[in-house]
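Number of protein chains: 2
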Amino acid sequence: MSHVMSKETLGALIAPQSVALIGASATEGKLTARPLTFLLRHGFKGRIYPVNPVRETVMGMPAYPTVAAIPEPVDHAYILLDAEPALSALEDCAKAGVKVVSVLADGFAEAGPEGRARQDRLVTIAREAGILLIGPNSTGVVATATGFSCTTNAAFRADRLDTGRLAVLSQSGSVIGTLLSRGQARGIGFSTLISVGNEAGVGVGTLGRLLLEDPETDGFLLFLETIRDPEALADFSREAARRGKPVTAYRIGRSDEGQALSVSHTGAMTGSKQAVSSFLRDIGIREVEQFETLIDAPRALSMIRLPEGRPRSVTVVSTTGGGGAMVVDQISARGIPIVACGAASRAKLSAKDIPLGHGKLVDVTLAGTKYEIMKEVVSTLMADPETGLLVVAIGSSAQFNPELAVRPIVDAVAEAPPGAAPVMAFPLPHAPESLAMLEAGGVPAFRNVETCAETVALFLTPPKIEDPIPVVVPSAVTDLLSGAAPGILDEVSSGDVFEALGARRPAQVVLSPGDAVPETLPFAFPVVVKLVSPDLPHKTEAGAIRVGVANRHALIDVIDQMTASAEKHRPGYRLRGVLIQEMRRGLGEALIGVTRDPLVGPVITVGMGGITTEIYKDTAVRPAPVTLETAREMVAEIKGFALFRGFRGRPKGDLEALAHCVAAVSVIAGCDHVEEAEINPVLIGPEGDGVVLLDALIRRA
Amino acid sequence: MSHVMSKETLGALIAPQSVALIGASATEGKLTARPLTFLLRHGFKGRIYPVNPVRETVMGMPAYPTVAAIPEPVDHAYILLDAEPALSALEDCAKAGVKVVSVLADGFAEAGPEGRARQDRLVTIAREAGILLIGPNSTGVVATATGFSCTTNAAFRADRLDTGRLAVLSQSGSVIGTLLSRGQARGIGFSTLISVGNEAGVGVGTLGRLLLEDPETDGFLLFLETIRDPEALADFSREAARRGKPVTAYRIGRSDEGQALSVSHTGAMTGSKQAVSSFLRDIGIREVEQFETLIDAPRALSMIRLPEGRPRSVTVVSTTGGGGAMVVDQISARGIPIVACGAASRAKLSAKDIPLGHGKLVDVTLAGTKYEIMKEVVSTLMADPETGLLVVAIGSSAQFNPELAVRPIVDAVAEAPPGAAPVMAFPLPHAPESLAMLEAGGVPAFRNVETCAETVALFLTPPKIEDPIPVVVPSAVTDLLSGAAPGILDEVSSGDVFEALGARRPAQVVLSPGDAVPETLPFAFPVVVKLVSPDLPHKTEAGAIRVGVANRHALIDVIDQMTASAEKHRPGYRLRGVLIQEMRRGLGEALIGVTRDPLVGPVITVGMGGITTEIYKDTAVRPAPVTLETAREMVAEIKGFALFRGFRGRPKGDLEALAHCVAAVSVIAGCDHVEEAEINPVLIGPEGDGVVLLDALIRRA
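From first to last, the protein sequence lines are chains A and B.
So the first sequence is numbered by the working numbering: it starts at 1 and just counts up by one.
So the second sequence is numbered by the working numbering: it starts at 1001 and just counts up by one.
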């Protein structure tokens, strides 16, 4: 969209010179009176034009009958009318050249076919006029730097509106209020807060991309119920990563009930939880488990950095044994290595008679909570090259003596040389004063041990941002697929496609119906025989597959038996050929599947197949296609593949070949007319022997 | 212990008439000066006697050179001296007839062999004198009703010490301060807070049992790093359950690092995480995941009850769509069913023009947040017999208009008839006033959606308290075991024991070395043959097992080959016999194991064996022995047994017989001299065909 990159649009979005409130009520307390109330309360610096055809004035301001009657160009309009009148108002905005329009009304895509048609009309009007359309179903736009609180959200009744450097983009309007309230209570303000509503015009991705140009914004909080614009979201988050502006998301839908609600609540689609999570991770968005982490983590991530060369580990310092153990336990449970005080630091501190306890926790309890000791310990560990991230768990002194336990941390950080280890802190008691002191001093601090640990894990395992892989589908593949009929390709054709992609299959001979069995085969007996037919989806039941056929004589007999059996099973079935394959043995099997997720598009799944996939959900999922590196990661994630990693002295399987196969096959995601492709099973040979696909299918759209 | 049930001891513990502070410092601010400072600050009602041989007075109070010099009997003493002097002081207390003594010093069991010996001396002195000994390594005892803040914990520097109806027992002294500080900030006071230290004399279980007699205490919070007194803990928690006083625990040790720290920090042992969790659940202790739940849940659980007959489900009412969806998502993700507004209630509310939204969330957003509407909705749903627990998610109005959104909930609860559905609430914004209003009105309220959801799950899935099963080991089993030598029993003897317990094994014949193969066997060929020998632990490698032996002739040959192969594998091995078994086939296999956990004693494990047990940890663990009902639960927990529950049209396996076998075999836990027993595999036959043990071993102590 052309307006995305426009500075002018960005200005009209968050720092408009003029705003029209179309349908502003004059009755204080009414929903549609709120934007005006809040704009006045929070000192909006631009000009406000209430539009209300039946009133002369609204809250003492002159009212205008239409947008056209406003005496200057309007940058931003918020339409507060019901759905149908909102359409006319948008037309008026289009004529008047308004740049950005938010729409409050519901009754659009979430309201059945009629609503969807109405939404289409809304989008068409906006698109033709080049309007940046927010909503419908949007509680509005807030930009704190300009006091632009153009919102119906009751939370903006707050006496003050703190500025800040984090932007909020939320698919739930009400959750914006929650974030504002909880954030401000923690001393966290925001730069911009946008309720994206139905995202009919622009969504989270496009708005995020636009806000990346806002110098007031250092990071992003997303509250997601669905994903409507995966490409735009990917563009935004990859660019955000490039600029070092972290994007953190909380997502509804960890349960089926939650997913169902998102669907009914927003008219959105539902995708696979695993596919969506892998998509978000892939494009560099950090998904959080706990709601409070959505508030805590973004500030922490934009406050400190891990200097290059420092290890991705944590050293925990504590003035309280039990509390320190709790912090270690929680961080370690999230897979982050805990590292004890290094030998050099230990020697240095011991020389100053500072006892550090035993084990991995640096426990200074016995030294007593004294300013000099705390500062010495923190400074020493920050300077130690063996320290990754330093986490300080502070006991009761955080409540009663911040000067003894908290001030030294802040001072140590202030005086630290460049490249020192970064510090986070967790006061055990209820200690708002200490939290504020720490955060003012550049030390991310947490109210809960779990959000502390989750943020630590996010900080030390940053997303790997990969640019989207240019998909080059081999022309042989395109040729094969374009020749195929819609529906399921038979296994010979499916195998041809996978082979053209670079996968190996067993040596094979295909006989046309009626062909005689050749005198010799290009591979040894025993062999596997399958009837190729679109009418026999269940080969075993139809007697249409035989393994271990020992010689040519038996092969001839077997083919006769099989065709007879298939005819009996499914009279009049269409026989397309007889597939004879060399019989391969391996150490075990895997499955590879490519599907299209309704939310995030093509994804590839790797698993071991059988119960490990279905019962234990032991699968790895990624947006497809994948690089070889990602394919290796996927293979490494499958717990069941332990069987091929030398489990209990068994021979190792060729998992490297499997990763190559996964990467090669994943390219099929680039063929738009392939709806689904699966290799099940892939036979895994011993290390060095490679993998071969035993059965494969492709469904063409 | 006789003093456990003594009212006198309880009085001396939490409401002493007189307390001696042995080693009290006169220097304000010093650790050992704190108990006196805090007792004075919080208005202790009894008499205080500082014991300090080098001072005339301590903080203006007369000091005594020894306990003996105190002019009245002393109920409670806190010894603030170092380890060695503490021993002498305890002897003085013994002579002076002090009833309860807490000891601050470290340098005992956590400090190597010397410390352990010192601890033994401490315990002996206390035991002989009938003293209730708390610690060592204890920061003391606090009872709020009497202002008895006899503690070194800095958190009691707080200006006020709220009373309350929950007792805290903590293995970490410092965490008591955290709980006090966070609890008081949430309006939650405590009745008693005890730092149990090393639990050398009495531990959590014994103290909990004693505090059950305190009418001021309605529930318990435990902070655990280990378990030192499983029997006493079980007695306490079962009795607490009988009296309706919930016991909630937070445990360090979800990670290996956390476990390691607990060990080094407290000198405690480490047990299997799964065994300890199952033990706690079994005895009725609710283990929480999040630290804040340890504070939130006990009050909620002692505040409301689910009336008999109400379903164990949740109905969520919300004034905010996104916030309500978040609550539904979190509760549902914990496996609790979400139920929509019932038809009758919907009709009643619709008749009053109150829109409820669609889907399972009762979303009153559109109705606007009005007192009458909120009260009508909450009252109607509370009265509806289809409602289990009602959870109300309150939007911005909780912050700005508690009168509109929170007051009606409290009023509805106050006016509800007996048997109405209970209510919990979660305000989305930062709203301390609303939290306080709700809780004052008897509505448990939460600051975080995750602690709300976790508490909901604890509330609706109360522990099933089973009295310990009287273990009756069949005399045949005892006879077999007492006749056996220490070490591993051979498989014939192990099989004999399991058979005597009631497990089935295949029909078998055991030949003594040199016996001829009989003309006929009491079962049909093919058969399985195994050499019985203490020297061949790995039968397959030694060639000491053969399956599928087809007839007598082959059997004779096979035995010759096997003995030769075994002799070659392990020259001079001792042959004890030849085991010939009928060859059984089943649908699959399971394993059953009984082991002794170092912390919680005998536990039984059920799994499918192979990679599902080792890689996916797909096992069920319980304290052993188990009832048939518990055995069925265990079998139902194993995901992999889906294979025997009709997975993809497969025949069903006899899981009921497996449960019977588990219950029967579990009785072996009652044989003290059995260290470990395992059946691996148990063959699972088709439904109705039972299960048979194929291989078994028992290790005798």
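From the three backbone atoms N, C-alpha and C, an ideal C-beta is built for every residue, glycine too.
Assigned exposure category for residue i - 16 Cβ within 10 Å defines buried
i          : result
Ser1002(B) : With a pLDDT of 46 at Ser1002(B), under the threshold of 50, the modelled position of that residue is not reliable, and the figure given next carries that caveat. Per the 10 Å Cβ criterion, exposed.
Leu1706(B) : Since the first residue shown for chain B is 1001 and the last is 1701, residue 1706(B) is missing from the structure and cannot be characterised.
Gly1688(B) : exposed
Asn551(A)  : exposed
Ala1379(B) : Checking the sequence, you will find Ser at residue 1379(B) rather than Ala. Label assigned to Ser1379(B): buried.
Ala347(A)  : exposed
Glu292(A)  : buried
Ser1278(B) : buried
Lys1045(B) : exposed
Pro35(A)   : buried
Pro136(A)  : buried
Glu1110(B) : buried
Residue j beta carbon less than 8 angstroms from that of residue i
i          : j          : result
Ala590(A)  : Ile684(A)  : yes
Glu1678(B) : Ala1696(B) : yes
Val67(A)   : Asp106(A)  : no
Ser1181(B) : Ala1155(B) : yes
Gly183(A)  : Ile48(A)   : no
Glu257(A)  : Asp1256(B) : no
Ile702(A)  : Arg299(A)  : Here chain A covers residues 1 to 701 and nothing more, so residue 702(A) does not appear.
Glu239(A)  : Arg209(A)  : yes
Ala1126(B) : Leu1090(B) : yes
Val667(A)  : Val362(A)  : no
Within-8 angstroms CB hit, residue i to chain A
i          : result
Ser1002(B) : Interpretation of Ser1002(B) is limited by its pLDDT of 46, a score under 50 that renders its predicted location unreliable; the figure taken from the coordinates is listed afterwards. No, its Cβ sits nowhere closer than 8 angstroms to a Cβ of chain A.
Lys1370(B) : no
Arg1254(B) : yes
Ser1493(B) : no
Pro1385(B) : no
Ala1620(B) : no
First and last residue of the uninterrupted beta strand (DSSP E) at residue i
i          : result
Glu376(A)  : Element bounds for Glu376(A): not the beta strand (DSSP E) but the alpha helix (DSSP H), Tyr371 to Ala383.
Glu1678(B) : Val1674 to Ile1684
Gln1171(B) : Careful: Gln1171(B) lies outside any beta strand (DSSP E) and carries neither H nor E.
Residue i at chain B interface by Cβ criterion, 8 angstroms
i         : result
Lys539(A) : no
Gly359(A) : yes
Lys652(A) : no
Ile684(A) : no
Ala639(A) : Reading off the sequence, residue 639(A) comes out as Lys, not Ala. Chain B contact via Cβ: present.
Met326(A) : yes
Phe400(A) : yes
Leu655(A) : no
Boundaries of the alpha helix (DSSP H) in which residue i is found, first to last residue
i         : result
Gln713(A) : This structure gives no information on residue 713(A), because the portion of chain A shown stretches from 1 to 701.
Asp479(A) : Ser475 to Gly483
Ile611(A) : Gly610 to Glu614
Val667(A) : No alpha helix (DSSP H) holds Val667(A); DSSP gives it neither H nor E.
Sequence ranges, beta strand (DSSP E) only - wholly within the region 192-229 of chain A, length at least 3: 192-195 and 219-224
List, from N- to C-terminal side, the beta strand (DSSP E) runs of 3 residues or more that fit wholly inside the region 98-163 of chain A. 100-103, 132-134, 140-143 and 148-151
Would you list, in sequence order, the uninterrupted beta strand (DSSP E) runs of no fewer than 3 residues that lie entirely inside the region 530-584 of chain A? 545-549 and 577-582
List, from N- to C-terminal side, the alpha helix (DSSP H) runs of 4 residues or more that fit wholly inside the region 27-92 of chain A. 34-41
Which complete beta strand (DSSP E) runs does the region 1383-1433 of chain B hold, if anything under 3 residues is left out? 1389-1394 and 1423-1427
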